[in-house]
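First the structure, in the form of structure tokens, and then the observations on it.
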Amino acid sequence: MSNQKLVAAGSESWAAKFTTLTGHLFDGFCELSRLNLATCRSIFAGSQQHFEGLLSAQTPEQFVRNQVEILPWVASQAAGYTRACMDIASETAAKLR
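So in the working numbering, the last one in the sequence shown is 613, and the numbering has no gaps at all.
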């Protein structure tokens, strides 16, 4: 093969790989966007319920209790979001290899 044919074959191969890689990266970013939207919806729904609970508090003790009761929910939301982000990052990295 001549040098020109080798260069042409190499550039076509590189272009195909580049297109594939950018497609995988774009898919990963789309998944992160979906995760962010789902997390925002969940947080807004939970915040509304929490805010209603705060408004119904009659004493400072009830107010503090309502604040403390939301902590496990917040922790589970944060853990779920982190886990999902790591899964998306792992899947995207595996596709890029």
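Note that beta-carbon positions come from the ideal geometry of N, C-alpha and C, so glycine has one too.
C-alpha gap between residue i and residue j, whole angstroms
i, j, result
"K611", "G562", "35 angstroms"
"R581", "T575", "10 angstroms"
"W530", "L553", "35 angstroms"
"D543", "R613", "15 angstroms"
"K533", "G539", "10 angstroms"
8 angstroms Cβ cutoff met for residue i and residue j
i, j, result
"L551", "A600", "yes"
"I559", "Q593", "yes"
"L541", "T608", "yes"
Nonlocal neighbours in the same chain, by C-beta distance under 7 angstroms from residue i, ignoring five residues either side
i, result
"W586", "Correcting the residue type first, residue 586 is Ile in the shown sequence and not Trp. Here the set comprises H566."
Own chain partners of residue i with C-beta closer than 6 angstroms, once the 5 adjacent residues on each side are dropped
i, result
"T555", "Y597"
Chain-order list of residues whose beta-carbon lies under 8 angstroms from that of residue i (same chain, five-residue window excluded)
i, result
"L548", "C601, I604"
Segment limits, alpha helix (DSSP H) that includes residue i
i, result
"S592", "587-612"
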